[in-house]
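Asks: In UniProt numbering, the protein residues as written are 1 to 837.
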């Protein structure tokens with residue numbers, strides 16, 4: 001499965017200290033257990049299966065058919081605050097412009113001129129749709145339209161036809177119609193949402209800030225009155241910086257005599273009623289937890305144990321009892337997930353709905369369900385009563401009892417044949433796909449360095465934090481051309497000081513794989529802001545850099561990095577971890593004086609991307625090395641890049657190229673300690689042995705084939721020429737179809753990356769080796785490349801996003817890597833019976 005799409009971050013948790021919240025909750029629980037239950041805190045143990053159950057809970061969202069159809073049209077699940085903004089015609093037009101359907105049409109088209117024409121076309125379409133409405137709720141909108149444009153409806157129609165004609169000179173008729181249909185559908189859905197005030201609302205949502213989030217339940221969702229359609233999100237959504245959760249609904253923190261909702265002070269007696277509305281809000285925010293924060297699962301499990309044993313004045317450790325209580329109570333008493341404001345459909349793991357609810361959807365919506373979720377939707381045989389007005393806090397009516405039981409069963413985490421989480425990196429850490437912003441708008445992770453210090457010392461039993469301790473920041477990234485930024489201030493704050501101190505770790509774009517010589521832009525460490533990146537990169541003015549930092553790494557998979565800070569000495573190190581550390585032992589290492597940069601003052605960790613979206617996962621701060629992240633290679637051998645080898649000018653860097661090549665890690669110097677050589681495998685190549693070792697390491701060793709199952713997705717009709725197969729932002733397409741891997745059966749990524757093995761086929765490509773091999777003069781010919789093998793080269797070129805409109809088709813350095821729609825030999829066992837064009 002490819003990386004998740006971009007779920008925008010609005011820094012909704014900027015003011016929340018999740019570490020402090022966890023510590024305060026533990027204090028409340030300890031006081032309750034020792035004073036109320038008369039038990040020793042040190043004797044309380046959490047069953048490992050309960051921790052595992054908590055770590056596997058997925059967020060679920062329920063809605064009715066009207067809202068679900070709007071979700072399909074908009075291409076995302078939206079918060080109430082976002083829905084409210086859909087009354088603004090300008091906002092709706094901007095929403096259409098950013099819609100995935102429109103972006104897919106414009107993929108590879110490029111150019112500011114065409115973007116402007118499309119924007120103007122969408123503006124007119126949306127204005128026309130809003131002007132058609134005649135009810136009271138849109139009269140205000142009509143006046144807004146008139147203030148924006150003095151054109152009458154006939155003139156708007158004329159403008160539409162004119163813009164449409166202009167676009168057809170640049171886009172095909174099908175593409176123009178796709179943009180038109182998308183704009184019309186989004187505009188109509190926006191008007192419908194605004195007129196119906198979709199979603200259950202609470203009077204103090206705005207004050208609580210919950211209107212900025214999408215609501216959900218972390219685990220089985222028992223709130224049938226929210227709707228019969230159940231959307232289950234992927235677990236990764238809980239690791240998004242804007243997500244948080246509380247043990248009860250936000251409404252329970254605010255005392256309201258007019259609603260039957262019990263308060264948190266009666267549900268969880270370890271919380272004491274602070275008395276005032278302001279203190280109620282404060283307690284709500286201090287009760288928020290985040291799944292990316294280590295220790296959240298322990299606090300959550302302790303509260304579940306206390307809640308389950310509440311009636312008997314005890315602590316119930318039995319997971320079965322925890323689950324029995326869960327399914328017997330109203331959803332307002334369950335774990336409430338506050339999810340990001342806008343959630344792309346790629347984050348949806350599964351969709352459930354009864355048979356007659358599916359039948360009530362429009363034909364277009366039914367088709368979209370099957371197209372967008374081909375293997376992840378379930379239409380049950382249940383027939384529910386659609387004429388009953390479902391009331392909040394009520395029990396399911398007889399027609400929904402069996403369906404409710406089925407949903408609860410499906411949403412229960414399956415712990416069978418599952419090993420307890422043993423890897424720190426598999427469980428915690430921020431996970432997000434960062435959009436390309438040219439290094440503008442850095443996104444902060446939920447934990448700060450000082451908060452991490454506090455938690456580390458609390459776990460160690462120390463009473464004081466020592467900012468001199470080493471700091472380890474681990475993160476995995478798929479993609480390149482991004483920055484990890486450490487600052488002493490929040491970069492999005494309006495109260496910034498005149499000077500912000502930066503530690504800038506820049507990861508350069510991966511080099512071309514088909515270039516005869518290895519050319520990599522330097523990755524570097526510096527104490528400069530992103531705004532001066534291009535200048536400092538061009539002049540080679542950075543503290544330390546290397547143009548060999550990714551040589552030997554697997555660029556098609558997540559790469560694990562580790563940034564180490566030693567505040568006392570001012571030393572900073574950036575190195576590879578995990579499997580990448582086997583193939584590349586290069587370490588960027590430098591020392592800052594206190595005058596240059598005081599490492600003890602750095603507090604906030606940010607991520608930002610340059611020219612392309614980058615997917616990050618497991619971004620976490622620790623103060624001890626993580627054993628699972630250490631590469632299994634000879635520790636005595638490493639290619640250190642220190643300040644003495646810093647390249648300050650391009651000439652100096654080129655002069656040292658020979659030294660870097662000599663120190664590279666493709667030779668026999670690297671010793672894989674984890675690979676045991678026997679007589680049986682002595683004849684195998686080093687690459688084969690490493691591939692088998694990694695394959696066994698990730699649990700694929702017993703599989704005879706990495707191909708998708710017969711019931712899996714079909715092959716994409718575009719086959720090797722599909723422009724979406726390598727995109728980070730087209731998860732829907734890559735869930736629906738599989739594609740031939742350019743390296744066929746010779747691909748080594750399939751053994752290290754289970755997601756790659758699922759998305760691409762690796763059938764044996766029965767062709768001869770080219771006699772000229774690397775010296776072949778036809779390496780730029782897609783038909784020749786697909787008909788003959790060349791050492792180290794893929795069988796199929798990557799499709800150029802500009803295709804036949806590409807201006808670089810005469811440049812050998814471009815055509816040796818990219819195809820432009822030419823005919824090629826069909827991939828093995830492909831659905832294409834003829835040459836694919």
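C-beta atoms are modelled at their ideal positions from N, C-alpha and C, and glycine is treated no differently.
On a predicted model such as this, the values are computed, not experimentally measured, just so you know.
(1) Report buried or exposed for residue 391, applying the criterion of at least 16 other Cβ atoms within 10 angstroms of its Cβ.
(2) Taking its Cβ as the centre, do 16 or more other Cβ atoms sit within 10 Å of residue 58, making it buried, or is it exposed?
(3) Given this structure, state the Cα-to-Cα distance separating residue 483 from residue 527, to the nearest angstrom.
(4) What residue range does the alpha helix (DSSP H) around residue 407 cover?
(5) Measuring only the C-alpha atoms, how far is residue 716 from residue 41?
(6) Taking 8 Å as the cut-off, does the region 766-777 touch the region 811-821 (at least 3 CB pairs, one atom from each stretch)?
(7) Give the straight-line distance between the Cα atoms of residue 500 and residue 442, rounded to the nearest whole angstrom.
(8) I want to check one thing, is the minimum distance from the CB of residue 588 to the heavy atoms of the ligand SAH below 7 Å?
(9) I need the boundaries of the alpha helix (DSSP H) containing residue 583, first residue and last residue.
(10) Please report the Cβ distance between residue 794 and residue 822, rounded to the nearest whole angstrom; I am assuming they are in contact, meaning their Cβ atoms lie under 8 Å.
(11) What is the DSSP secondary structure of residue 273, counted as helix, strand or coil?
(12) Take residue 362 as the anchor and find which of 725, 48, 744, 66 has the nearest alpha-carbon.
(13) Three or more beta-carbon pairs under 8 Å between the region 448-461 and the region 501-509, yes or no?
(14) For my contact list, residue 588 and residue 523 are in at a C-beta cut-off of 8 Å; report their separation, rounded to the angstrom.
(15) Are residue 322 and residue 316 touching if we call contact CB-CB under 8 Å?
(16) Quick check on this structure: which residue in 170, 411, 386 has the alpha carbon closest to the alpha carbon of residue 218?
(17) Can you find at least 3 beta carbon pairs, one from the region 301-321 and one from the region 178-198, that sit closer than 8 Å?
(18) According to DSSP, is residue 59 helix, strand or coil?
(19) Have a look at 328, 479, 372 and flag the residue whose alpha-carbon is nearest the alpha-carbon of residue 404.
(20) When you compare only the Cα positions, how much space is there between residue 686 and residue 758?
(21) Looking only at its own chain, which residues have a Cβ that is under 7 Å from the Cβ of residue 510, when we skip the five neighbours before and after it?
(22) Consult DSSP for residue 87 and reduce its assignment to one of helix, strand or coil.
(23) Helix or strand or just coil, what does DSSP make of residue 448?
(24) Between residue 233 and residue 56, what straight-line distance do the alpha-carbon atoms span, to the nearest angstrom?
(25) Taking buried to mean at least 16 other C-beta atoms within 10 Å of its own C-beta, is residue 825 buried or exposed?
(26) I'd like to know whether the C-beta atoms of residue 333 and residue 248 end up nearer to each other than 8 Å.
(27) If you compare alpha carbons, which of 764, 5, 755, 744 is closest to residue 343?
(28) What are the residues that DSSP puts in a beta bridge with residue 350?
(29) Quick one: what does DSSP say residue 24 is sitting in, helix, strand or coil?
(30) Between the region 377-393 and the region 215-229, can you find at least three pairs of beta-carbon atoms closer than 8 Å?
(31) Taking 8 Å as the cut-off, decide whether the C-beta atoms of residue 163 and residue 120 are in contact.
(32) Within 10 Å of its beta-carbon, does residue 810 have 16 or more other beta-carbons around it, so buried, or fewer, so exposed?
(33) Shortest alpha-carbon distance to residue 192 belongs to which of 50, 570, 532, 83?
(34) In this structure, what does DSSP give as the bridge partners for residue 739?
(35) What would DSSP say about residue 634, mapped onto helix, strand or coil?
(36) When we look at the beta-carbon of residue 348 and count the other beta-carbons within 10 Å, is it buried (16 or more) or exposed?
Replies: From the atom records:
(1) Its Cβ having fewer than 16 others within 10 Å, residue 391 is exposed.
(2) Counting Cβ neighbours within 10 Å, residue 58 comes out buried, since at least 16 surround it.
(3) If I take the Cα positions, the gap works out to 12 Å.
(4) Its alpha helix (DSSP H) spans residues 401-411.
(5) Those two C-alpha atoms are separated by around 58 Å.
(6) The region 811-821 vs the region 766-777: no contact.
(7) Answer to the nearest angstrom: the Cα atoms are 14 Å apart.
(8) As presented, the structure is devoid of all ligands, the ligand SAH included, so that no description of it is given.
(9) DSSP places residue 583 in the uninterrupted alpha helix (DSSP H) bounded by 580-583.
(10) Your pair residue 794 and residue 822 does not check out as a contact, with CB atoms roughly 15 Å apart and the cut at 8 Å.
(11) Coil at residue 273, not helix or strand.
(12) Taking only the C-alpha atoms, the option nearest residue 362 is 66.
(13) Two segments are said to touch when three or more pairs of C-beta atoms, one from each, lie closer than 8 Å; by this definition the region 448-461 does not touch the region 501-509.
(14) With a Cβ gap of about 7 Å, residue 588 and residue 523 count as contacting.
(15) Their beta carbons are under 8 Å apart, which means residue 322 touches residue 316 by this criterion.
(16) Comparing Cα-Cα distances from residue 218 to each of 170, 411, 386, the minimum goes to 411.
(17) With contact defined as three or more Cβ pairs closer than 8 Å, the region 301-321 and the region 178-198 are not in contact.
(18) The answer is strand: DSSP assigns residue 59 an E or B state.
(19) Residue 328 is the option with its Cα nearest to residue 404.
(20) Interpretation of residue 686 is limited by its pLDDT of 39, a score under 50 that renders its predicted location unreliable; the figure taken from the coordinates is listed afterwards. Taking C-alpha positions only, residue 686 is separated from residue 758 by approximately 25 Å.
(21) Around residue 510: 480, 550, 555.
(22) Three-state result, residue 87: coil.
(23) Residue 448 falls in the coil class under three-state DSSP.
(24) Residue 233 and residue 56: Cα-Cα distance of roughly 12 Å.
(25) By the neighbour-count rule (16 or more Cβ atoms within 10 Å), residue 825 is buried.
(26) Yes.
(27) When each option's Cα is compared against that of residue 343, the closest is 5.
(28) For residue 350, the beta-bridge partners assigned by DSSP are 232.
(29) Helix, per DSSP.
(30) Yes, the region 215-229 touches the region 377-393.
(31) Cβ distance < 8 Å, so residue 163 and residue 120 count as in contact.
(32) With fewer than 16 other Cβ atoms within 10 Å, it is exposed.
(33) Shortest Cα-Cα distance from residue 192 to any of 50, 570, 532, 83 involves 83.
(34) According to DSSP, which records beta bridges pairwise, residue 739 is partnered with 760.
(35) Low per-residue confidence applies at residue 634: pLDDT is 42, beneath 50, and the placement is therefore not dependable, though the value from the model is reported in the following sentence. The answer is coil: DSSP assigns residue 634 none of H, G, I, E or B.
(36) Flag for residue 348 reads buried.
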